[in-house]
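Enquirer: Residue numbers (our numbering), protein chains in the order written: chain A, 2 to 80; chain B, 6 to 777.
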Amino acid sequence: MSNGTHVRVKIFGAPSMALEMRELTLELSKDATAEELLNSIPIRDRNYLYIVREGIRLTRSSKLKDGDEILLVPPIAGG
Amino acid sequence: MIAMKEKTALDREPRWVGRPVSRKDGAGKVTGETKFFSDMIMPNMLWAKAVRSKYPHALIKRIDTAKAEAVPGVVTVLTHRDVPGLNAFGIIVPDQPALCFDKVRYLGDSVAVVAAESKEAAEAAAEQVEVDYAPLPVVSDPVEAMEPDAPRVHENGNIQRHAMIRVGDVEKAFRNASVVVENTFRTGRQMHMFLEPEAGLGMLDENGNIVLYVGGQSPYRDQMQVSRALGIQPERVRVISTPVGGAFGGKEENTVQIHLALLTMKTKRPVKMVWTREESGFAGLKRHPMIITMRTAVNEDGELLANKVRIVADTGAYASLGPTVLDVAMENSVGPYRIPNIDIDAYLVYTNNGIAGAFRGFGAPQVNFAIETNLNIIAEKLGIDRLEIRKKNALREGDTGPFGYKIEGSVGIYETLLRAENSDIWKYREKYKSTSSPPWCKRGVGIAAGVKGFGFGALPDFAAASIQLTPAGKFVVGVSCPEIGQGAVTAYSQIAAEALHCDIADVYIASADSQLAPDTGTSSASMALVRGGNAILAAAPKMNELLLISAAKMIAEREQDLVLEGSRAVSRRDSSKFVTYAEIVQFLLGTGSETRVIAGINIPRVDKPIEGSIEIPHLSYMYATAVALVEVNTLTGATKVLRFFLSPDSGKIINPQSYTGQCEGAIVQGLGFALTEETQIDKGIIKTNNFTTYIIPTIRDAPDIEIEPVETYDKIGPFGAKGLGEIGIIPVGSAIANAIYDATGVRLYTLPATPERVYMALKERNVTANGS
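Shown next, in the form of structure tokens:
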């Protein structure tokens, strides 16, 4: 096991369809932020995306923790 | 995160939940003291005005702002060239330009936006913006719009979405059925007609970031749409969305937000925009009109065998939330019933008819009219009582839903039917029908059942809340779902006070502010209570833990020997030994510790949507049965609803007063959908933009209303609560239409049942004062 930050990422909606991927695991740097996570995934509309950990929105500068499960969710809605 | 069971159970008699606590926002609103954003005036403030399209469908050849810029008092005129980010918005599909550049698709499209020193100057300048248009053929019939050679509203064609759901084998079921009925139904383009039209104010803070005061339904999603259009980080936009002068779904989408943000950034001054009532009428979002063809089959006992449905929903010029409205329409087209064979084709179609989006019920009232009417026709053909056929087919606790998923939430539809059966109107319907009235008036009693999921179904959703301990030892609870009139803030206070073991007066809800509250999601989908309530229940144990740990240190007790009471942590062994929350906060501040906790939840949902859908099924549903007593004037066709009974199953009731208020509001809004509210459109031009031509129910039209809840316990929501906001409206139109039939023998297939429509139907069947 390296010293990096290992995160499990679940992707939803249009980004998931574009990437043809619903889930992936990433190894990021030791002090990884949400920005680094986004930079690791080729998502087109990054400005319309919620980054969520344990039900809480993160900002781009939020620090990630080893073992985090991160949801990437476009803010679409239903009823 | 904490487990659902922990969040929803109370091991003691509740002190606040289930009690008729007065609305926190009530006094201000009923006395007129509350200042809405359209009331706001700031020093150095500019007024904004959008320049709307002159045609429902046209190419833009040239935009010239020179004359407008020369109008005295004008500060700036922006066009598409001034949009630095994505010049488009739309919650699901960004297909609507913030400022149009190549073409306009409805009269509400904006081609420029003006900021001026006065409202009058802004309006005068908007008139002076010169736009050369090349008009295009107008697409106003959604069925014609689906033809391959129809003029295209969008390049990719007019069918925005075609969804199909297939369960079982409907054709085989039709062959084996005893009765099959097929009818085509039409429903109107209902306007939200909130008291405060779309309005807001933008300004810059001391750091040059944008602050938007806009009455909306989701400050964080507004933040995302605005930041995307401006090409800036979301954190540079603060959105404050309370108070809201009514929403009902019509303020879910961007309306004034992006224009205000663009103008604020450009002018560096406060800018205010308030749509006129007419502007709200032709530019704002509306309920999707639908054409529904439904073929329904039963066996000889009246058990439903199959339902084949074709839905054409007119979304107007842009999609907004139309794709998911279509999903909810599909889901609700089978009603709250067991139906083994289902075949649905649903189309969301672009036209130049204004724009449709979210509206209380989200596609459900439209299709409810179809399934409930077909069921009544079947009951009559089989000689089965209208209520009995519903009881026979109603979903029960533990059932697998019609789309093959087990319904996780409580299922109270059968119980609501029993309440309706025992209601005064239903039990004595023959007496009420024969009660003396003028000879040209006929009375009837109608019944309908309804269902709707709450939340976003299979779509991912989450909610967070924060709790801050103040220096006075009180709590500020951060929840971003706006209070849109449903009583959410009061319910949050009740839930927080319950979970924090404190007096409700010690709880202040900081709501609907993207700076003061974490993202709790939207006030939509009958979900604000469940989202915010569950998030508070996730955060409260953290605060309680913080209080206990701190108190234990302060008075040398073990945490487990302390109890939280009111605003104190007290020793269980010696009640004279305690520490107040005000003392605890001083202790925390003195040690440099956090006085705020935050917690979030991922909203429970099914793993993935069923094939052919985006969001269905839901994990849990609200249910209701409605009974209406009406009187139809056969000389004029006017229908008066005399009495209305509603039995909802919305799980545990958090606040009985708010509950009743929500139901009564939904019923009266449903009266409009049923009887009067119809937007008249002629070739893309809306003719009913104001209250003079668009008739909404008033207090004089409100019937005598009786609400009888079925209080089930739902494991999804806080303390067993479900959503409530939408279920009350869903069966209203169907029950009234059924009552009109019961009164006159005239079956209506189009809503609203306006006097003209009823009169013509009566005339066709020769049912008049002297007729049958």
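For each residue, glycine too, the CB sits at the ideal point set by N, CA and C.
As the structure is a computational prediction, the values presented were derived from the model and not from experiment.
Determine which residues of the stretch 43-74 of chain A have a Cβ less than 9 Å from any Cβ of chain B, and write them out in chain order.
Expert: Answer set for the stretch 43-74 of chain A: 46, 48, 49, 50, 51, 53, 54, 55, 56, 57, 58, 60, 61, 62, 72 and 74.
Enquirer: For residue 5/A, which residues in chain B fall below 7 Å Cβ to Cβ?
Expert: Taking the first residue of the first sequence as 1, we reach residue 5/A at position 4. In chain order: nothing, as chain B lies at least about 25 Å away.
Enquirer: Say whether the stretch 458-472 of chain B touches the stretch 738-748 of chain B, bearing in mind that this needs 3 or more beta-carbon pairs closer than 8 Å, one atom from each stretch.
Expert: No: the two stretches stay apart, fewer than three of their Cβ pairs being nearer than 8 Å.
Enquirer: Contact check, residue 64/A vs residue 32/A under 8 Å by CB: the rounded distance?
Expert: Numbered from its first residue, the first sequence carries residue 64/A at position 63. Numbered from its first residue, the first sequence carries residue 32/A at position 31. Contact holds; Cβ gap of about 7 Å.
Enquirer: Could you compute how far the alpha carbon of residue 397/B sits from the alpha carbon of residue 307/B?
Expert: Your numbering for residue 397/B matches position 392 in the second sequence. Your numbering for residue 307/B matches position 302 in the second sequence. The straight-line gap from Cα to Cα measures roughly 8 Å.
Enquirer: According to the neighbour-count rule (16 or more other Cβ atoms, all chains shown, within 10 Å of its Cβ), is residue 291/B buried or exposed?
Expert: Sequence index remark: in the second sequence, residue 291/B carries index 286 (1-based). Buried, because 16 or more other Cβ atoms sit within 10 Å of the Cβ of residue 291/B.
Enquirer: Helix, strand or coil, according to DSSP, for residue 140/B in the structure here?
Expert: Your numbering for residue 140/B matches position 135 in the second sequence. It is a strand residue.
Enquirer: Please compile the residues from chain A whose C-beta is within a distance smaller than 8 Å of the C-beta of residue 469/B.
Expert: Walking along the second sequence from the start, residue 469/B turns up at place 464. By Cβ distance, chain A contributes 56, 57 and 58.
Enquirer: Just to confirm the assignment, what range does the alpha helix (DSSP H) spanning residue 94/B have?
Expert: On the second sequence, residue 94/B is found 89 positions in, with the first residue counted as 1. Note, residue 94/B: premise wrong, no alpha helix (DSSP H); not H, not E.
Enquirer: Who are the near neighbours of residue 390/B in its chain, counting only those whose CB is closer than 8 Å to its CB and skipping five residues on each side?
Expert: Here residue 390/B corresponds to residue number 385 of the second sequence, with the count starting at 1. Closer than 8 Å at the Cβ level, and outside the excluded window around residue 390/B, lie 384.
Enquirer: Please check the pair residue 21/B and residue 509/B, which I expect to be a contact at CB under 8 Å, by giving their CB distance rounded to whole angstroms.
Expert: What you label residue 21/B is simply residue 16 of the second sequence in a count that begins at 1. What you label residue 509/B is simply residue 504 of the second sequence in a count that begins at 1. Sure, about 6 Å apart at Cβ, within 8 Å.
Enquirer: By a C-beta neighbour count over all protein chains shown, 10 Å radius and 16 as the cutoff for buried, is residue 403/B buried or exposed?
Expert: As a working note, residue 403/B is residue 398 in the second sequence. By the 10 Å Cβ count, residue 403/B comes out exposed.
Enquirer: Going by C-alpha to C-alpha distance, which of 271/B, 103/B, 177/B and 382/B sits closest to residue 750/B?
Expert: On the second sequence, position 745 is the one that residue 750/B refers to. Comparing Cα-Cα distances from residue 750/B to each of 271/B, 103/B, 177/B and 382/B, the minimum goes to 382/B.
Enquirer: Do we get a CB-CB distance below 8 Å when we pair residue 16/A with the residues of chain B?
Expert: For this step, residue 16/A is matched to residue 15 along the first sequence. It does not; no Cβ of chain B falls within 8 Å.
Enquirer: Inspect the beta-carbon positions of residue 602/B and residue 472/B and report whether they are closer than 8 Å.
Expert: Position 597 of the second sequence holds residue 602/B. Position 467 of the second sequence holds residue 472/B. Yes, the pair counts as a contact, with Cβ atoms nearer than the cut-off.
Enquirer: Given residue 190/B, which residues of its chain have a CB within under 6 Å of its CB, disregarding the five upstream and five downstream residues?
Expert: Here residue 190/B corresponds to residue number 185 of the second sequence, with the count starting at 1. Result list for residue 190/B: 297, 374, 375 and 754, in chain order.
Enquirer: Using a Cβ-Cβ cutoff of 9 Å, what residues of the stretch 224-250 of chain B are near chain A? List them in chain order.
Expert: Taking 9 Å as the Cβ-Cβ cut-off against chain A, the residues of the stretch 224-250 of chain B that qualify are 225, 226, 229, 230, 232, 233, 236, 237, 238, 239 and 240.
Enquirer: Which partner residues of residue 218/B appear in the DSSP bridge assignment?
Expert: As a first step, residue 218/B is located in the second sequence; it is residue number 213 there, counting from the start. Partner(s): 206/B and 245/B.
Enquirer: Indicate whether the contact test is met: 3 or more Cβ pairs, each with one atom in the stretch 204-223 of chain B and one in the stretch 329-346 of chain B, closer than 8 Å.
Expert: Judged by Cβ distances under 8 Å, the stretch 204-223 of chain B makes no contact with the stretch 329-346 of chain B, as fewer than three pairs qualify.
Enquirer: Could you spell out where the alpha helix (DSSP H) holding residue 763/B opens and where it closes?
Expert: Residue numbering aside, residue 763/B sits at position 758 when the second sequence is read from its first letter. From DSSP, the alpha helix (DSSP H) with residue 763/B extends over 760-769.
Enquirer: Taking a cut of 7 Å between CB atoms, which residues from the stretch 299-330 of chain B lie near chain A?
Expert: Flagged, chain order: 326, 329 and 330.
Enquirer: Chain A partners of residue 494/B, CB-CB under 8 Å?
Expert: Reading the second sequence from its first residue, position 489 is the one you call residue 494/B. Correct list: empty, because the minimum Cβ distance to chain A is about 21 Å.
Enquirer: By how many angstroms is the C-alpha of residue 722/B removed from the C-alpha of residue 486/B?
Expert: Walking along the second sequence from the start, residue 486/B turns up at place 481. Walking along the second sequence from the start, residue 722/B turns up at place 717. Roughly 16 Å separates the two Cα atoms.
Enquirer: Can you list, in chain order, the residues of its chain with a C-beta nearer than 7 Å to that of residue 572/B? Leave out the 5 residues immediately preceding and following it.
Expert: Locating residue 572/B in the second sequence gives position 567, where the first residue counts as 1. Around residue 572/B: 478, 507, 511, 585 and 586.
Enquirer: Can you tell me which of the three DSSP states residue 431/B falls into?
Expert: Position 426 of the second sequence, counted from the start, is the residue given in the question as residue 431/B. If DSSP states are grouped into helix, strand and coil, residue 431/B belongs with the helices.
Enquirer: With DSSP as the reference, identify every bridge partner of residue 3/A, one or two as the case may be.
Expert: Locating residue 3/A in the first sequence gives position 2, counting from the first residue. DSSP lists no partner for residue 3/A.
Enquirer: Would you tell me roughly how many angstroms separate the C-alpha atoms of residue 356/B and residue 441/B, rounded to the nearest one?
Expert: Against the second sequence, residue 356/B aligns to sequence position 351. Against the second sequence, residue 441/B aligns to sequence position 436. Spanning the two alpha carbons is a distance of roughly 48 Å.
Enquirer: Is DSSP giving residue 643/B helix, strand or coil here?
Expert: Numbered from 1 along the second sequence, position 638 holds the residue referred to as residue 643/B. Note: residue 643/B maps to coil in three-state DSSP.
Enquirer: Starting from the beta carbon of residue 100/B, find every residue of chain A whose beta carbon is closer than 7 Å, and list them in chain order.
Expert: One-based indexing of the second sequence puts residue 100/B at position 95. Within chain A, no residue comes near residue 100/B; the closest Cβ sits about 13 Å away, beyond 7 Å.
Enquirer: Check distances from the C-beta atoms of the stretch 513-535 of chain B to those of chain A and list, in chain order, the residues that come in under 7 Å.
Expert: Under the 7 Å Cβ criterion, the stretch 513-535 of chain B contributes 523, 524, 527, 529 and 530.
Enquirer: Counting only beta-carbon separations shorter than 8 Å, does residue 199/B have a partner in chain A?
Expert: Translated into the one-based positions of the second sequence, residue 199/B becomes position 194. Cβ-Cβ to chain A under 8 Å: no for residue 199/B.
Enquirer: Across which residues does DSSP place residue 101/B in a beta bridge pair?
Expert: Translated into positions along the second sequence, residue 101/B becomes position 96. Partner(s): 94/B.
Enquirer: Run through DSSP, which three-state label would residue 585/B get?
Expert: The sequence position of residue 585/B within the second sequence is 580, counting from 1. Strand.
Enquirer: What separation, rounded to the nearest whole angstrom, lies between the Cα atoms of residue 436/B and residue 425/B?
Expert: Start at 1 with the first residue of the second sequence, and residue 436/B comes out as number 431. Start at 1 with the first residue of the second sequence, and residue 425/B comes out as number 420. Their backbone Cα atoms lie some 16 Å apart in a straight line.
Enquirer: Output needed for residue 474/B: all residues of its chain with C-beta closer than 6 Å, excluding positions within five of it in sequence on either side, in chain order.
Expert: Walking along the second sequence from the start, residue 474/B turns up at place 469. Cβ neighbours of residue 474/B beyond the five flanking positions: 590 and 600.
Enquirer: Give the straight-line distance between the Cα atoms of residue 318/B and residue 135/B, rounded to the nearest whole angstrom.
Expert: In the second sequence, the residue the question calls residue 318/B occupies position 313. In the second sequence, the residue the question calls residue 135/B occupies position 130. For residue 318/B and residue 135/B, the distance between alpha carbons rounds to 35 Å.
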